[in-house]
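Worksheet: one structure, shown below.
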Amino acid sequence: MRPDQIALTISTALLAVWFVWACVIGYWPGEGLLVHGIGVAGVVAAVVGQRLRDRSKFPRK
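So the sequence shown is residues 95 to 155, counted in my numbering.
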């Protein structure tokens, strides 16, 4: 797998965990930072994956 595919796979998994935990299961007040940290990590991984994909399509000269 290419690095951009790995990053996008990780982001999809993290965002799925965040959605299920935060929206379906719910969380206790003390867990909020952990739950939303997982969501933020998923977004960061998605951005990194997109940057890697763009870089592979349009290499710098």
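Note that beta-carbon positions come from the ideal geometry of N, C-alpha and C, so glycine has one too. All values derive from a computational prediction rather than experimental measurement.
query, result
"Taking buried to mean at least 16 other C-beta atoms within 10 Å of its own C-beta, is residue 36 buried or exposed?", "What the structure shows of the chain is the stretch from 95 to 155, and residue 36 is not part of that stretch, so it cannot be assessed."
"Need the endpoints of the alpha helix (DSSP H) that residue 139 sits in, please.", "126 to 151"
"Suppose contacts are defined by Cβ-Cβ distances below 9 Å. Is residue 101 in contact with residue 140 by that definition?", "yes"
"When burial is assigned at 16 or more other CB atoms within 10 Å of the CB, is residue 112 buried or exposed?", "buried"
"Run through DSSP, which three-state label would residue 122 get?", "coil"
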